[in-house]
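Each remark here refers to the structure printed beneath this line.
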Amino acid sequence: MPPIIRSTLSLLAAATTLLAVPAQAATVLITGTNRGIGLEFVRQYAEAGWTVIGTARNPAKATELQALAAKHANLSIETLDVADPALIEALAARLGGRPIDVLINNAGTLGDVPKQTIGALDQAEFEQVMAANTFGALKLSETLKPNLLAGQQKKVFAMTSGLGSSEMTANFGGFYAYRMSKAALNIGFRALAADWRGEGIMAGIIAPGMVETALLRASGFRGRGITTEESVTGMRKVIDTMTLESNGKALNYNGSPIPW
Ligand SMILES: NC(=O)c1ccc[n+]([C@@H]2O[C@H](COP(=O)([O-])OP(=O)(O)OC[C@H]3O[C@@H](n4cnc5c(N)ncnc54)[C@H](OP(=O)(O)O)[C@@H]3O)[C@@H](O)[C@H]2O)c1
Numbered sequence: 001m002p003p004i005i006r007s008t009l010s011l012l013a014a015a016t017t018l019l020a021v022p023a024q025a026a027t028v029l030i031t032g033t034n035r036g037i038g039l040e041f042v043r044q045y046a047e048a049g050w051t052v053i054g055t056a057r058n059p060a061k062a063t064e065l066q067a068l069a070a071k072h073a074n075l076s077i078e079t080l081d082v083a084d085p086a087l088i089e090a091l092a093a094r095l096g097g098r099p100i101d102v103l104i105n106n107a108g109t110l111g112d113v114p115k116q117t118i119g120a121l122d123q124a125e126f127e128q129v130m131a132a133n134t135f136g137a138l139k140l141s142e143t144l145k146p147n148l149l150a151g152q153q154k155k156v157f158a159m160t161s162g163l164g165s166s167e168m169t170a171n172f173g174g175f176y177a178y179r180m181s182k183a184a185l186n187i188g189f190r191a192l193a194a195d196w197r198g199e200g201i202m203a204g205i206i207a208p209g210m211v212e213t214a215l216l217r218a219s220g221f222r223g224r225g226i227t228t229e230e231s232v233t234g235m236r237k238v239i240d241t242m243t244l245e246s247n248g249k250a251l252n253y254n255g256s257p258i259p260w
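Residue numbers (our numbering): 1 to 260.
Structural data, given as structure tokens:
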């Protein structure tokens with residue numbers, strides 16, 4: 001074979017090899033991924049080629065998550081109850097200094113609705129909802145700050161709800177623990193955004209809309225919500241577009257602002 005053809009062929013082979021190696025995949029860590037919105041986040045990010053760490057309280061029972069992990073080598077599963085600071089520490093130790101580009105604090109609980117009703121307020125129930133929805137998200141973010149700093153994108157998100165917005169829910173009562181936990185989460189992530197802005201970490205607040213999940217059904221809502229696929233597709237766009245300039249903003253899955 002003439003040398004010119006041989007060298008052209010070897011250049012082509014080198015270019016093909018380069019193209020076959022994906023650009024370094026970004027890493028996302030999502031909490032509460034055994035079902036609902038968290039499971040769909042995992043599915044979409046894994047299919048998009050991200051390195052995905054999905055956490056669940058009980059991975060052994062997370063059959064749909066395990067099925068996704070069997071299909072996607074870029075998905076790993078970690079045990080985490082966000083309401084248990086010792087388990088948060090243990091997760092951080094397992095991760096070591098591994099970079100995390102995007103942290104999505106999705107895990108959340110509605111709690112037991114009757115115990116959050118005036119006339120039947122239950123302190124233990126209230127504290128449990130706050131521990132998971134509010135303190136858990138903030139504590140996990142604090143603990144994984146070195147991982148976020150080591151990542152390229154440096155983004156952390158709280159998953160809020162319209163029920164945490166006073167303007168959107170001024171005209172009906174109930175759901176005290178849940179709505180107060182989300183309102184507190186919002187202000188906590190505003191403070192976090194201010195605290196970390198100087199270090200280049202953006203803290204954002206996102207809401208999924210009303211989504212067909214176990215949580216929506218348990219709320220007693222009798223209308224039709226959107227699918228997890230529509231919600232997560234929208235939130236991924238919002239997550240992509242939010243930068244340090246939009247630090248601290250609260251946005252719905254469709255990009256519209258959530259009023260305070
Ligand atoms: N669906 C909606 O319309 C809607 C609207 C606004 C906001 N949201 C928010 O969206 C997020 C996801 O909710 P979803 O609708 O997908 O509800 P879901 O189907 O009930 O899923 C909730 C997830 O959070 C996990 N979780 C609950 N407490 C936890 C804890 N202490 N530690 C770790 N994981 C925990 C659950 O795990 P287990 O299976 O172990 O309980 C489950 O994986 C929540 O933050 C919720 O508040 C939902």
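Where is the CB? At the ideal position from N, CA and C, for every residue including glycine.
This structure is a prediction, so every number in the text was calculated from the model and none was measured.
Relative to ligand 1, the nearest heavy atom lies less than 7 Å away from the CB of M159.
Three or more pairs of CB atoms, one per stretch, sit closer than 8 Å, so the stretch 202-212 contacts the stretch 244-252. Closer than 7 Å to some heavy atom of ligand 1: that does not describe the Cβ of L68. For E47, the closest of A25, K61, G32 by C-alpha to C-alpha distance is A25. DSSP places S219 outside both helix and strand once states are collapsed to three, so it counts as coil. Of the residues G108, A132, G200, G111, the one whose Cα lies closest to the Cα of N247 is G200. As the crow flies, the alpha-carbon of W50 is around 10 Å from that of V102. In the structure shown, P146 falls within a helical segment according to DSSP collapsed to helix, strand and coil.
Secondary structure at K154: coil, using DSSP grouped into helix, strand and coil. For E78, the secondary structure class from DSSP, reduced to helix, strand or coil, is strand. Here the distance from the Cβ of L91 to the nearest heavy atom of ligand 1 is not below 7 Å. The bridge partners DSSP lists for T55 are E78. Excluding the 5 residues flanking it on each side, L75 has same chain C-beta neighbours closer than 7 Å at V42, A46, V52, G54, L68, A69, in chain order.
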